[in-house]
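The opening position of the sequence shown corresponds to residue 2 in my numbering, with each subsequent residue numbered one higher.
Glycine included, C-beta positions come from ideal geometry on N, C-alpha and C.
No experiment lies behind these values; they were computed from the predicted model shown.
See structure below.
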Amino acid sequence: GPAGTTIASLKQQGVMPLDNASLSEMIVGKNTWLKNIVTGSVFRIVWDKNGQRTVWNINPADDQPQHMGFAAQDSFQGLSTAYSITGSNVVEDFGDSPISWTAYKVGEKTLLARSDEFGFVNYEVIPVPSAMLAASDTAH
Numbered sequence: 002g003p004a005g006t007t008i009a010s011l012k013q014q015g016v017m018p019l020d021n022a023s024l025s026e027m028i029v030g031k032n033t034w035l036k037n038i039v040t041g042s043v044f045r046i047v048w049d050k051n052g053q054r055t056v057w058n059i060n061p062a063d064d065q066p067q068h069m070g071f072a073a074q075d076s077f078q079g080l081s082t083a084y085s086i087t088g089s090n091v092v093e094d095f096g097d098s099p100i101s102w103t104a105y106k107v108g109e110k111t112l113l114a115r116s117d118e119f120g121f122v123n124y125e126v127i128p129v130p131s132a133m134l135a136a137s138d139t140a141h
């Protein structure tokens, strides 16, 4: 997904959001590695089966979108945020202003958009980075 892809352009191509069942299959009880297509930063979201998600491996040097402002601090403390899957969205509970993720399958890629990023599809699900695979034997 080239930077600048929009939800509108995907819809024009006939790409529909993943439904609740597909989203559940993709995230519940799993780790999702995401790359911000715009900034190149990579992070991991751990979605537990009890409806809590935690963001890890955020590089403090990377620019963070505003909604992740606390996530960077939280990730070092392992703080979690509630999430639920509803209406083909993953909705995160940020108190007064919930934020949702929508996922789109484009060819072999799974792209994600966040509801507060002006209709842009800024994230791609990626395989576990090789550096992390190498480190996983030692770090738990």
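- Between G120 and T7, the gap from beta carbon to beta carbon is short of 8 Å.
- For Y84, same chain residues with a beta-carbon under 8 Å away, outside a window of 5 residues either side, are W48, G52, Q53, R54, V91, V92, E93 and D94 in chain order.
- In terms of Cα proximity to A104, the closest of P130, S10, V126 and N58 is V126.
- Across the set Q14, T87, V107 and N58, the C-alpha of N58 shows the shortest separation from the C-alpha of L35.
- DSSP links I28 through a beta bridge to no other residue.
- In the three-state DSSP reduction, N21 falls in the helix class (H, G or I).
- The alpha carbon of S42 has as its nearest neighbour, out of K31, G30 and V56, the alpha carbon of V56.
- Between P18 and S98, the C-beta gap is not smaller than 8 Å, which leaves the two residues out of contact.
- Beta-bridge pairing by DSSP links K106 to T111.
- By the 16-neighbour rule on beta-carbons within 10 angstroms, A114 is buried.
- In terms of CA proximity to I86, D20 leads the group D20, S116, A132 and S10.
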